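First the structure, in the form of structure tokens, and then the observations on it.
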Amino acid sequence: HALLTEIDQSEVASPEQLETFRLRYLSKKGVVTALFEQLKQIEPEQRRAVGQELNKLKNRAQERFQEFGQRLEASGPMSAGPTVDLTLPVVPNQLGSLHPLTIVRRRIIEIFERIGFNVAYGPEIETDWYNFGALNFPDNHPAREMQDTFFIEKNGGPVRDDVLLRTHTSNVQVRLMEHKRPPIRSIMPGRVFRNEAISARAHCVFHQVEGLYVDTNVSFRDLKDTLYHFAKEMFDKDSQIRLRPSYFPFTEPSAEIDVSCFICKGAGCNVCKYSGWVEIAGSGMVDPAVLSNCGIDPEEFTGFAFGMGIERITMLRYGIKDLRLFTENDVRFLGQFKGA
Ligand code: PHE
Numbered sequence: 007h008a009l010l011t012e013i014d015q016s017e018v019a020s021p022e023q024l025e026t027f028r029l030r031y032l033s034k035k036g037v038v039t040a041l042f043e044q045l046k047q048i049e050p051e052q053r054r055a056v057g058q059e060l061n062k063l064k065n066r067a068q069e070r071f072q073e074f075g076q077r078l079e080a081s082g083p084m085s086a087g088p089t090v091d092l093t094l095p096v097v098p099n100q101l102g103s104l105h106p107l108t109i110v111r112r113r114i115i116e117i118f119e120r121i122g123f124n125v126a127y128g129p130e131i132e133t134d135w136y137n138f139g140a141l142n143f144p145d146n147h148p149a150r151e152m153q154d155t156f157f158i159e160k161n162g163g164p165v166r167d168d169v170l171l172r173t174h175t176s177n178v179q180v181r182l183m184e185h186k187r188p189p190i191r192s193i194m195p196g197r198v199f200r201n202e203a204i205s206a207r208a209h210c211v212f213h214q215v216e217g218l219y220v221d222t223n224v225s226f227r228d229l230k231d232t233l234y235h236f237a238k239e240m241f242d243k244d245s246q247i248r249l250r251p252s253y254f255p256f257t258e259p260s261a262e263i264d265v266s267c268f269i270c271k272g273a274g275c276n277v278c279k280y281s282g283w284v285e286i287a288g289s290g291m292v293d294p295a296v297l298s299n300c301g302i303d304p305e306e307f308t309g310f311a312f313g314m315g316i317e318r319i320t321m322l323r324y325g326i327k328d329l330r331l332f333t334e335n336d337v338r339f340l341g342q343f344k345g346a
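Under UniProt numbering, residues 7 to 346 are what the sequence shown spells out, in order.
Right, here's the structure in full:
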């Protein structure tokens, strides 16, 4: 009876207090359950009467619990009770933004996907074979030093067992050609690593997008047309491109691709160093030796490849002058690319 009075007199004002009420009177570990358990010890003649009293207690607790619940709900945060001040200013909704490198990577992928390229990925930790050997870099050849490599494990034995951080995304070229019969038409974005001092113009981690097209009758003209299309889509519909002879072990012939300066349009500016042209990619026809290394018959198939740095394209597009900004996570910098 003391408990019945207690239940009748209790009040709750918050969800927490409601829970305390539930725990005390209605849960398996509560006082009412404990009393029910003691029933067994009572003389059989009295058990019925006591049981009835206990049931009353339990029902009363349940009634009160429901009542409290309904009352709390009616005065909850959804009702404009006195505790809600609707005149308070709203908390501003802080929307994040995409990293400029993400914006540009997605744009590059979009441009190439529309002309039939798919996207492929490969490992950042690589063996010497996929990063250099298969790409026609001879063992111990100085061409390897064009790209300062981070070695994870350098074996004393034949160089091709070495494990390293890839210095370019060209390793994905090799892996694609090894596993797929032409036609292959893919672009391969990813992180690459070079042992270089960090400065405004260089970093030890950066991003590239590689492109590869292998099929019957792929020609140099296809390479030019594809990159011309890319330049117009990426920079300016009136962009021109220019090819300069270059050298890569895995392409022959090789060319550096320049795009007409879309900032000054030839009038002369700092970005193009008053030349009217900016370099955007390396490229060339896949060397027949590379095709053979990957199990593709160079008599039957030809291909072109190109590679570009995403940081470089992003810096050109947005006029960013220091590469380090990309990794410093300064919100004053990152916030400028909202909605871009
Ligand atoms: N892998 C080269 C680099 O990182 C770029 C490249 C890719 C050049 C494909 C030609 C063809 O410098």
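Heads up, the beta-carbon is just placed ideally off N, CA and C, and yes, glycines get one too.
The model shown is predicted, which means the values in this text are computed figures rather than measured ones.
Worksheet item: When we look at the beta-carbon of Ala-86 and count the other beta-carbons within 10 Å, is it buried (16 or more) or exposed?
Response: Mapped onto the sequence shown, residue 86 falls at position 80. Low confidence applies here, because Ala-86 scores a pLDDT of 49, under 50, leaving its location unreliable; read the following figure in that light. Burial state of Ala-86 is exposed, judged by a 10 Å Cβ sphere holding fewer than 16 other Cβ atoms.
Worksheet item: With distances taken from CA atoms, which of Leu-63, Leu-331, Ile-286 and Phe-256 is nearest Glu-12?
Response: What you label residue 12 is simply residue 6 of the sequence shown in a count that begins at 1. Minimum Cα distance to Glu-12 is reached at Leu-63.
Worksheet item: Any Cβ of chain C within less than 7 Å of the Cβ of Arg-227?
Response: The chain inventory of the structure shown lacks chain C, comprising one protein chain alone.
Practice prompt. Give, in chain order, every unbroken run of the beta strand (DSSP E) that is at least 3 residues long and sits entirely within the stretch 143–190.
Written response: Qualifying beta strand (DSSP E) stretches, in chain order: 157–159 and 169–171.
Worksheet item: Gln-23 by DSSP, collapsed to three states: which one?
Response: Taking the first residue of the sequence shown as 1, we reach residue 23 at position 17. In the structure shown, Gln-23 sits in a helix (DSSP, three-state: H, G or I).
Discussion item. Does the beta-carbon of Thr-257, which I'm using as the reference point, lie nearer than 6 Å to any heavy atom of the ligand PHE?
Written reply: Along the sequence shown, one-based indexing puts residue 257 at 251. Yes.
Worksheet item: Which first and last residues belong to the alpha helix (DSSP H) in which Leu-94 is found?
Response: Taking the sequence shown and counting its residues from 1, the one referred to as residue 94 is at position 88. Taken as a continuous stretch (DSSP letters only), Leu-94 belongs to no alpha helix (DSSP H), as it is neither H nor E.
Worksheet item: Counting Cβ pairs, one atom from each stretch, are 3 or more of them under 8 Å apart for the stretch 208–222 and the stretch 305–318?
Response: yes
Worksheet item: Is His-174 near the ligand PHE, with its Cβ less than 6 Å from a heavy atom?
Response: Counted from its first residue, the sequence shown places residue 174 at position 168. Yes, the ligand PHE has a heavy atom inside 6 Å of this Cβ.
Fill in: Residue from Gln-179, Thr-333 and Tyr-136 whose Cα sits closest to the Cα of Leu-170
As a first step, residue 170 is located in the sequence shown; it is residue number 164 there, counting from the start. Among Gln-179, Thr-333 and Tyr-136, the Cα nearest to that of Leu-170 belongs to Tyr-136.
Fill in: Rounded separation between Val-284 and Cys-278 - CA only
The residue you call residue 284 lines up with position 278 of the sequence shown. The residue you call residue 278 lines up with position 272 of the sequence shown. Roughly 5 Å between the two C-alpha positions.
Worksheet entry | Minimum length 4: unbroken alpha helix (DSSP H) runs contained in the stretch 262–325 | 294–299 and 316–324
Fill in: Stretch-stretch touch, CB-based, cutoff 8 Å, three pairs: the stretch 124–134 with the stretch 286–296
no
Worksheet item: What span of residues does the alpha helix (DSSP H) with Pro-255 cover, start to end?
Response: Your numbering for residue 255 matches position 249 in the sequence shown. Premise fails: Pro-255 is in no alpha helix (DSSP H) and is neither H nor E.
Worksheet item: Does the distance from the CB of Glu-184 to the CB of Cys-300 come in under 7 Å?
Response: Sequence index remark: in the sequence shown, residue 184 carries index 178 (1-based). Sequence index remark: in the sequence shown, residue 300 carries index 294 (1-based). In contact: Glu-184 and Cys-300 (Cβ atoms closer than 7 Å).
Fill in: Phe-236: CB within 6 Å of a non-hydrogen atom of the ligand PHE
Taking the sequence shown and counting its residues from 1, the one referred to as residue 236 is at position 230. For Phe-236, the shortest separation between its Cβ and any heavy atom of the ligand PHE does not lie below 6 Å.
Discussion item. For a test of your reading of the model: does the CB of Ala-261 fall under 6 Å from any non-hydrogen atom of the ligand PHE? Yes or no.
Written reply: To locate residue 261, count along the sequence shown from 1; it is residue 255. False, no ligand heavy atom lies under 6 Å from that Cβ.
Worksheet item: Is Phe-310 near Val-178, with beta carbons less than 7 Å apart?
Response: Taking the first residue of the sequence shown as 1, we reach residue 310 at position 304. Taking the first residue of the sequence shown as 1, we reach residue 178 at position 172. Contact: no.
Practice prompt. Over the uninterrupted beta strand (DSSP E) stretch that includes Val-38, give me the two end residues.
Written response: Here the question's residue 38 lines up with position 32 in the sequence shown. From DSSP, Val-38 is part of no beta strand (DSSP E) but of the alpha helix (DSSP H) over 37–44.
Item to complete: Kindly identify the DSSP beta-bridge partner or partners of Thr-133.
Response: Taking the first residue of the sequence shown as 1, we reach residue 133 at position 127. Val-169, per the DSSP bridge assignment.
Item to complete: Go to His-213, then tell me how far its beta strand (DSSP E) extends in each direction, as first and last residue.
Response: Counted from its first residue, the sequence shown places residue 213 at position 207. Element bounds for His-213: 211–221.
Discussion item. In the DSSP output, what is Phe-199 paired with across the bridge?
Written reply: As a working mapping, residue 199 is identified with position 193 in the sequence shown. According to DSSP, which records beta bridges pairwise, Phe-199 is partnered with Val-211.
Worksheet item: Okay, do the stretch 32–44 and the stretch 55–71 touch, 3+ Cβ pairs below 8 Å being the bar?
Response: yes
Item to complete: Answer yes or no: the CB of Ala-140 versus the heavy atoms of the ligand PHE, is any distance below 6 Å?
Response: By 1-based counting over the sequence shown, the position of residue 140 is 134. No, the Cβ of Ala-140 stays beyond 6 Å of every heavy atom of the ligand PHE.
Item to complete: With DSSP collapsed to three states, give me the class of Ile-114.
Response: Position 108 of the sequence shown, counted from the start, is the residue given in the question as residue 114. Residue state, collapsed to three classes: helix.
Worksheet item: Taking Cβ to Cβ, would you say Phe-157 is nearer than 7 Å to Asp-167?
Response: For the purposes of this step, residue 157 is taken as residue 151 along the sequence shown, with counting starting at 1. For the purposes of this step, residue 167 is taken as residue 161 along the sequence shown, with counting starting at 1. Not a contact, by the Cβ cut-off of 7 Å.
Discussion item. Once the 5 residues before and after Arg-248 are set aside, which same chain residues still bring their CB inside 7 Å of it?
Written reply: Stepping through the sequence shown from its first residue, residue 248 is reached at position 242. Asp-264 and Trp-283.
Practice prompt. Name, in chain order, the residues that DSSP records as bridge partners for Trp-193.
Written response: The residue labelled residue 193 in the question sits at position 187 within the sequence shown. First, the amino acid is wrong: residue 193 is Ile here, not Trp. According to DSSP, Ile-193 bridges with Val-125 and Gly-217.
Discussion item. Please classify Glu-334 as buried or exposed, where buried requires at least 16 neighbouring CB atoms within 10 angstroms.
Written reply: For this step, residue 334 is matched to residue 328 along the sequence shown. Around the beta carbon of Glu-334, fewer than 16 other beta carbons sit within 10 angstroms, so the residue counts as exposed.
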